[in-house]
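**Student:** Below are the structure tokens for one structure; questions will follow.
Protein chains: 2
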Amino acid sequence: MKKVHNFSAGPAILPQSAIDASIEALQDFSGTGLSLIEVSHRSKEYEAVVNEATQLVKEILNLSDEYGIVFMQGGASLQFDMIPYNFLDEGETAAYLNTGVWAGRAIKEARIFGNVNVVASSEDKNFSYIPKGFNIPSDSKYFHCTSNNTIYGTELFSFPETNVPVICDMSSDIFSRPFDASKFDMIYAGAQKNMGPAGTTLVIVKKDMLGKGKRKLPAMLDYKLHIDNGSMYNTPSVFAIFVCMHTLRWVKSIGLTEMAKRNKAKADLLYAEIDRNTLFKGTVVHEDRSRMNVNFVLTDKSMEEEFLKLCKDHNLSGLKGHRSVGGLRASLYNALPIDSVQVLVDTMKEFEQLKIKQGAANS
Amino acid sequence: MKKVHNFSAGPAILPQSAIDASIEALQDFSGTGLSLIEVSHRSKEYEAVVNEATQLVKEILNLSDEYGIVFMQGGASLQFDMIPYNFLDEGETAAYLNTGVWAGRAIKEARIFGNVNVVASSEDKNFSYIPKGFNIPSDSKYFHCTSNNTIYGTELFSFPETNVPVICDMSSDIFSRPFDASKFDMIYAGAQKNMGPAGTTLVIVKKDMLGKGKRKLPAMLDYKLHIDNGSMYNTPSVFAIFVCMHTLRWVKSIGLTEMAKRNKAKADLLYAEIDRNTLFKGTVVHEDRSRMNVNFVLTDKSMEEEFLKLCKDHNLSGLKGHRSVGGLRASLYNALPIDSVQVLVDTMKEFEQLKIKQGAANS
Chain A
1 MKKVHNFSAG
11 PAILPQSAID
21 ASIEALQDFS
31 GTGLSLIEVS
41 HRSKEYEAVV
51 NEATQLVKEI
61 LNLSDEYGIV
71 FMQGGASLQF
81 DMIPYNFLDE
91 GETAAYLNTG
101 VWAGRAIKEA
111 RIFGNVNVVA
121 SSEDKNFSYI
131 PKGFNIPSDS
141 KYFHCTSNNT
151 IYGTELFSFP
161 ETNVPVICDM
171 SSDIFSRPFD
181 ASKFDMIYAG
191 AQKNMGPAGT
201 TLVIVKKDML
211 GKGKRKLPAM
221 LDYKLHIDNG
231 SMYNTPSVFA
241 IFVCMHTLRW
251 VKSIGLTEMA
261 KRNKAKADLL
271 YAEIDRNTLF
281 KGTVVHEDRS
291 RMNVNFVLTD
301 KSMEEEFLKL
311 CKDHNLSGLK
321 GHRSVGGLRA
331 SLYNALPIDS
341 VQVLVDTMKE
351 FEQLKIKQGA
361 ANS
Chain B
1 MKKVHNFSAG
11 PAILPQSAID
21 ASIEALQDFS
31 GTGLSLIEVS
41 HRSKEYEAVV
51 NEATQLVKEI
61 LNLSDEYGIV
71 FMQGGASLQF
81 DMIPYNFLDE
91 GETAAYLNTG
101 VWAGRAIKEA
111 RIFGNVNVVA
121 SSEDKNFSYI
131 PKGFNIPSDS
141 KYFHCTSNNT
151 IYGTELFSFP
161 ETNVPVICDM
171 SSDIFSRPFD
181 ASKFDMIYAG
191 AQKNMGPAGT
201 TLVIVKKDML
211 GKGKRKLPAM
221 LDYKLHIDNG
231 SMYNTPSVFA
241 IFVCMHTLRW
251 VKSIGLTEMA
261 KRNKAKADLL
271 YAEIDRNTLF
281 KGTVVHEDRS
291 RMNVNFVLTD
301 KSMEEEFLKL
311 CKDHNLSGLK
321 GHRSVGGLRA
331 SLYNALPIDS
341 VQVLVDTMKE
351 FEQLKIKQGA
361 ANS
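Chains as they are written, first to last, in the numbering used here: chain A, 1 to 363; chain B, 1 to 363.
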């Protein structure tokens with residue numbers, strides 16, 4: 001098999017140990033003689049998987065018993081609907097920070113259920129920075145933000161201090177760095193970046209947030225029911241949670257402090273080359289540059305296809321920017337080794353040399 | 001690896017070809033050099049998977065272009081909420097047939113959104129039969145039924161003729177027999193019985209049903225949006241749909257007519273033994289006996305544990321009845337070979353001989 005450097009924005013690169021464990025479990029899950037995808041989710045062997053995955057989240061994020069932890073389906077997108085359905089009654093107002101496409105979708109959905117106060121937005125500069133110094137009115141039902149903006153490549157390195165409950169979409173940077181989870185009332189994350197394959201979503205919610213709304217909740221949209229049933233109200237996404245468990249084991253074995261160090265080293269290496277190499281430029285203000293998704297462009301846009309072709313020749317995959325913004329994007333999730341980043345940097349240098357030679361030949 | 005006979009009610013046995021293809025794709029998906037769970041759902045290789053899976057559903061069920069076909073998340077349980085959310089406005093009435101736990105959950109959820117007219121129920125006899133000859137009022141918004149009742153082991157072998165739109169939960173018998181799909185306005189099925197692993201749900205809906213309700217629909221609960229985006233409004237359950245595609249290829253290669261013949265032969269073999277062997281008895285009226293889930297009990301309930309132990313010794317797995325009803329249940333989904341049913345029947349005969357010997361010894 002060829003060695004491909006996977007810079008995909010998600011679904012994305014996962015630790016090899018999780019992939020190997022999945023292959024083994026598809027052949028024979030936990031000594032049952034059955035494939036992982038053929039066993040009952042109520043079997044004791046599989047219940048052990050859900051319990052361990054849940055416990056690992058608790059340990060890694062140092063969560064107290066005040067929090068419910070569940071694996072759900074429907075991606076972060078379903079959370080955009082469930083959050084206001086559960087927490088925002090008609091006539092009430094929630095505060096949202098608008099930092100990009102996904103924050104925007106969360107805002108759009110919340111407006112179906114109640115009032116939305118967009119407390120700050122970076123839309124004026126194509127979401128190339130994180131707004132700061134904004135005010136969150138104390139009568140807001142909750143404050144919603146997106147910790148990392150996968151499409152634009154910005155990241156929140158600090159969160160506002162507020163007495164309002166804080167809800168955060170951490171889909172693309174959860175488990176990439178230590179943070180104080182006790183400051184959040186709800187955290188959610190689609191698995192398909194730093195936690196596992198597509199098909200499951202982690203939801204962490206403070207239990208005292210639950211059961212207070214006026215709306216009658218459909219079963220599948222009721223956090224309390226999912227928490228009370230330990231992710232087993234209905235058949236969960238069996239395979240996806242299994243892979244998450246193995247990815248979380250790997251995260252725990254490294255630890256968030258070391259993980260953050262590695263992620264910073266990878267990001268620093270790439271941003272340094274973007275800043276040094278005149279053929280490239282970053283699209284985000286320096287202080288808000290994401291360590292997960294590095295967005296950049298060719299100074300001369302007409303060279304983009306040629307550069308992407310060279311990347312392909314070097315087995316660098318997934319570098320095209322999101323279709324809504326174009327340009328280039330290198331996603332440096334936990335499982336991406338720094339060696340892959342070095343190959344990308346070397347390719348950028350090679351492209352520079354190529355252009356110098358072409359320039360000399362043409363002059 | 002030991003040979004285990006998998007009678008699990010779901011997640012359940014799948015064709016070996018689909019498991020083998022999954023293992024291969026976890027190593028290298030479609031020649032990309034990446035694992036299936038690491039590739040972008042927007043890659044052309046993966047888009048081909050979703051397209052083929054959708055096309056296979058269309059071909060196998062002989063669906064016209066009037067129908068939208070999507071793979072969603074959240075299981076049939078989320079459909080219990082989405083159906084009334086999309087199709088039942090406040091003050092309107094929908095007709096529901098109550099044939100068991102899942103039908104009951106669908107009814108409970110619909111009541112959150114509008115009025116429910118339970119047109120017939122078999123609750124009076126613990127759901128051991130399918131009600132017939134009931135009336136569906138012509139002003140009902142739709143008629144909802146469950147084609148196969150996994151927990152109780154009953155199955156609808158004919159559907160009522162009505163001018164009201166018919167919506168059917170086919171989670172546990174879709175693709176097990178031919179049927180006239182054009183008589184249905186919506187069909188849905190959680191994958192984890194005859195279609196694939198847990199984590200994706202097939203939804204087939206007549207497009208002329210859409211966009212007519214008064215309710216403002218959250219994005220993730222809007223069928224139209226999912227159909228318009230070809231199962232890609234948000235990141236789909238990548239792995240689960242891949243396995244479905246391979247299972248559907250296998251279903252197509254056999255054909256629904258032959259599949260039904262095989263399923264009938266398996267069910268006939270087991271029911272014949274249940275009726276012959278005085279240690280066992282069926283729990284469902286003969287004409288409504290499911291070919292997917294065979295429910296039965298020991299005539300002397302105190303022998304149940306001993307029989308289950310003998311089953312375990314013969315590598316027969318998943319035979320315990322649902323925790324809500326007890327007894328025994330053998331699920332005979334498409335991928336279960338008749339050889340496994342024969343082993344179960346032989347074990348029932350062995351148990352009979354054992355009891356005869358014990359009786360002789362005790363007398």
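Just so you know, even glycine gets a beta-carbon here, dropped at the ideal spot from N, CA and C.
Computed from a predicted structure; not experimentally measured.
#1: Beta-carbon of B:Asn6 versus every beta-carbon of chain A: anything under 9 Å?
#2: Check B:Asn148 in the structure and name its three-state DSSP category.
#3: Alpha carbon to alpha carbon, what distance is there between B:Thr247 and B:Pro15?
#4: What's the call for B:Ser382, buried or exposed, on a 16-neighbour Cβ count within 10 Å?
#5: In its own chain, which residues sit with a C-beta less than 7 Å from the C-beta of A:Lys58, not counting the 5 before and 5 after it?
#6: Just to confirm the assignment, what range does the beta strand (DSSP E) spanning A:Tyr281 have?
#7: So which residues on chain B does A:Met170 lean against when the C-beta distance must stay under 9 Å?
#8: Going straight from the alpha carbon of B:Gly315 to that of B:Leu270, what length do you get?
#9: Sort A:Val50, A:Leu319, A:Glu161 by Cα distance to A:Ala330 and report the nearest one.
#10: Using the C-alpha atoms, what's the distance from B:Gly213 back to B:Asn86?
#11: If you pair each beta-carbon of the region 40-60 of chain A with each one of the region 36-51 of chain B, do three or more pairs fall below 8 Å?
#12: In chain A, what lies closer than 8 Å to B:Ala120 by C-beta?
#13: Name the two residues that bound the continuous beta strand (DSSP E) containing A:Asp169.
#14: If you follow the alpha helix (DSSP H) that A:Arg249 is part of, which residue opens it and which one closes it?
#15: Which residues does DSSP list as the beta-bridge partners of B:Asn98?
#16: Span of the beta strand (DSSP E) holding B:Lys206?
#17: B:Leu202 to B:Ile227, Cα distance in whole Å?
#18: Which word fits A:Gln353, buried or exposed, when buried means at least 16 other C-beta atoms lie within 10 angstroms of its C-beta?
#19: Can you name the residues of chain B whose CB is closer than 7 Å to the CB of A:Pro197?
#20: First and last residue of the alpha helix (DSSP H) that includes A:Ile19?
#21: Just curious, the beta strand (DSSP E) that A:Leu344 is in, first and last residue?
#22: Just the Cα atoms here: how many angstroms apart are A:Met259 and A:Val118?
#23: State the Cα-Cα distance for the pair B:Tyr188 and A:Tyr233, rounded to the nearest angstrom.
#24: Can you give me the Cβ contacts of A:Thr257 inside the same chain, cut-off strictly under 7 Å, excluding the 5 residues immediately before and after it?
#25: Name, please, each residue of chain A whose Cβ falls closer than 7 Å to the Cβ of B:Lys216.
#26: Within 9 Å of any Cβ in chain A, is that where the Cβ of B:Tyr85 sits?
#27: So if DSSP puts A:Leu328 in a beta bridge, which residue, or which two residues, is it bridged to?
#28: So, for B:Lys252: in the same chain, excluding its five sequence neighbours on each side, which residues have a beta-carbon less than 8 Å away from its beta-carbon?
#29: Taking its Cβ as the centre, do 16 or more other Cβ atoms sit within 10 Å of B:Asp268, making it buried, or is it exposed?
#30: Check whether the Cβ atoms of A:Lys141 and A:Ala198 sit closer than 9 Å, and answer yes or no.
#31: Does the region 168-178 of chain B touch the region 142-156 of chain B, meaning 3 or more C-beta pairs lie closer than 8 Å?
#32: Please find out if some non-hydrogen atom of the ligand FAD comes closer than 8 Å to the beta-carbon of B:Ala110.
#33: With a threshold of 16 other CB atoms inside 10 Å of the CB of A:Arg276, please say whether the residue is buried or exposed.
#34: If you run the structure through DSSP and keep just helix, strand and coil, what is A:Arg215?
#35: Just the chain B side, please: which residues come within less than 8 Å of A:Gly318 by C-beta, in chain order?
#36: Taking only the alpha-carbon atoms, compute the straight-line gap between A:Gln73 and A:Asp222 and give it to the nearest angstrom.
**Tutor:** Reading off the structure:
#1: yes
#2: strand
#3: 6 Å
#4: With chain B covering 1 to 363 only, the question about residue 382 of chain B has no answer from this structure.
#5: Ile69
#6: In the sequence as displayed, the identity of residue 281 of chain A is Lys instead of Tyr. Its beta strand (DSSP E) spans residues 280-282.
#7: Per Cβ cutoff of 9 Å: no residues; A:Met170 is ~16 Å from chain B at best.
#8: Per the sequence shown, the amino acid found at residue 315 of chain B is Asn instead of Gly. Near 17 Å, if we compare the C-alpha coordinates of B:Leu270 and B:Asn315.
#9: A:Leu319
#10: 6 Å
#11: no
#12: The contacting residues do not exist; B:Ala120 stays about 23 Å from chain A at best.
#13: 166-169
#14: 238-254
#15: B:Ser121
#16: 201-206
#17: 12 Å
#18: exposed
#19: Ile37, Val238, Phe239
#20: 16-27
#21: Counting along the chain, A:Leu344 falls outside any beta strand (DSSP E), though it belongs to the alpha helix (DSSP H) covering 338-362.
#22: 33 Å
#23: 19 Å
#24: Pro178
#25: Ile112
#26: yes
#27: A:Phe296, A:Lys320
#28: Leu56, Glu59, Ile60
#29: exposed
#30: no
#31: yes
#32: For the ligand FAD, the structure offers nothing, since it holds no ligand at all.
#33: exposed
#34: coil
#35: Ser40
#36: 13 Å
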